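Note sheet for the following structure.
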Amino acid sequence: REGRTLEIIDDVCERKSELGVLFLSASNRRPLTRLFASRGLDFRAIKQVEPHVFIRPEHPLSGHQRLSPRHLQDYPYICYEQGEVSPVFFSEELMVERCRPRVVHVSDRATMENVIAQTVAYTIGTGYIIPTFTGVGMSSIPLDTDEQMEIGILTLREAGLSPLASDFVKVLTDSLYRWSK
Numbered sequence: 222r223e224g225r226t227l228e229i230i231d232d233v234c235e236r237k238s239e240l241g242v243l244f245l246s247a248s249n250r251r252p253l254t255r256l257f258a259s260r261g262l263d264f265r266a267i268k269q270v271e272p273h274v275f276i277r278p279e280h281p282l283s284g285h286q287r288l289s290p291r292h293l294q295d296y297p298y299i300c301y302e303q304g305e306v307s308p309v310f311f312s313e314e315l316m317v318e319r320c321r322p323r324v325v326h327v328s329d330r331a332t333m334e335n336v337i338a339q340t341v342a343y344t345i346g347t348g349y350i351i352p353t354f355t356g357v358g359m360s361s362i363p364l365d366t367d368e369q370m371e372i373g374i375l376t377l378r379e380a381g382l383s384p385l386a387s388d389f390v391k392v393l394t395d396s397l398y399r400w401s402k
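Take the sequence shown: its position 82, counted from the start at 1, is 303 in this note's numbering, and no numbers get skipped.
So, in structure tokens, the structure goes:
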């Protein structure tokens with residue numbers, strides 16, 4: 222099930238989902254870790270990755286080997302809406318705390334990918350482009366930043382994983398390493 226950060230946390234707490242997949246970064250680690258602890262949740266890191274800028278292959282910045290935040294300042298930034306009550310640390314993208322002149326909020330991955338494929342807008346994420354899952358109209362370029370993204374799973378502290386969930390974690394882990402840049 223795909224959802225907003227707080228929805229993923231709530232689903233695991235309420236046992237609607239056995240586990241959730243999230244990432245921690247320098248900007249969200251402290252508040253999310255405190256929230257996890259208060260809700261009886263554990264976060265287990267699977268892989269640390271360098272943030273990447275997702276753009277369309279024909280984007281004016283597509284020829285760069287690396288991009289800095291300065292390169293991005295004139296382009297619209299796309300992020301997932303997190304709802305009216307969600308603080309900035311629930312954001313699923315890095316650097317949301319920085320002021321941007323134009324921000325486009327979307328509610329789902331397909332819309333985000335379509336906007337990127339048709340415009341000069343960008344987003345920041347893991348850099349993973351999986352041909353059977355990610356839209357064909359996207360490419361990723363490493364972002365010059367000291368910040369890292371730690372991808373992992375969120376589970377109830379007291380609950381073990383079922384065999385199916387354990388298999389999912391193995392497939393997820395294999396995929397993260399297979400599609401790493």
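Cβ atoms here follow ideal geometry from the backbone N, Cα and C, with glycine treated the same way.
Everything numeric in this text was worked out from a predicted model, so none of it was measured.
For I299, the uninterrupted beta strand (DSSP E) run begins and ends at Y298 to Y301, by DSSP.
If you check the CB distance, L262 and V233 come in under 9 Å.
Per DSSP, the continuous alpha helix (DSSP H) segment holding E334 begins and ends at R330 to Q339. A distance below 7 Å between beta-carbons, with the five flanking residues on each side excluded, links P281 to the following residues of its chain, in chain order: V341. For the 9 Å CB-CB criterion, T366 and P272 form a contact. The three-state secondary structure of D263, taken from DSSP, is strand. Looking from the CA of I372, the closest CA among R222, N249 and R236 belongs to N249. For T226, the enclosing alpha helix (DSSP H) stretches over residues T226 to C234. In the three-state scheme derived from DSSP, where H, G and I count as helix and E and B as strand, H292 is classed as helix.
In the same chain as L397, and ignoring 5 residues on each side of it, the C-beta atoms closer than 7 Å to its own belong to I267, K268 and I372, in chain order. Taking a C-beta distance under 9 Å as the contact criterion, M359 and F275 qualify as a contact pair. By the beta-carbon neighbour count (other beta carbons within 10 angstroms, threshold 16), G284 is exposed. For R277, the number of other beta carbons within 10 angstroms of its own is at least 16, and it is reported as buried. Secondary structure note for S361: its beta strand (DSSP E) is the uninterrupted segment S360 to P363.
Residue nearest to S238 within the set D395, T394, S383 and R399 is S383 (criterion: CA-CA distance). Per the C-alpha coordinates, the member of Q286, V242 and T376 positioned closest to R236 is T376.
By the CB criterion at 9 Å, I299 and V270 fall outside the cutoff. Taken atom to atom, the span from the alpha-carbon of S259 to that of P252 is near 11 Å.
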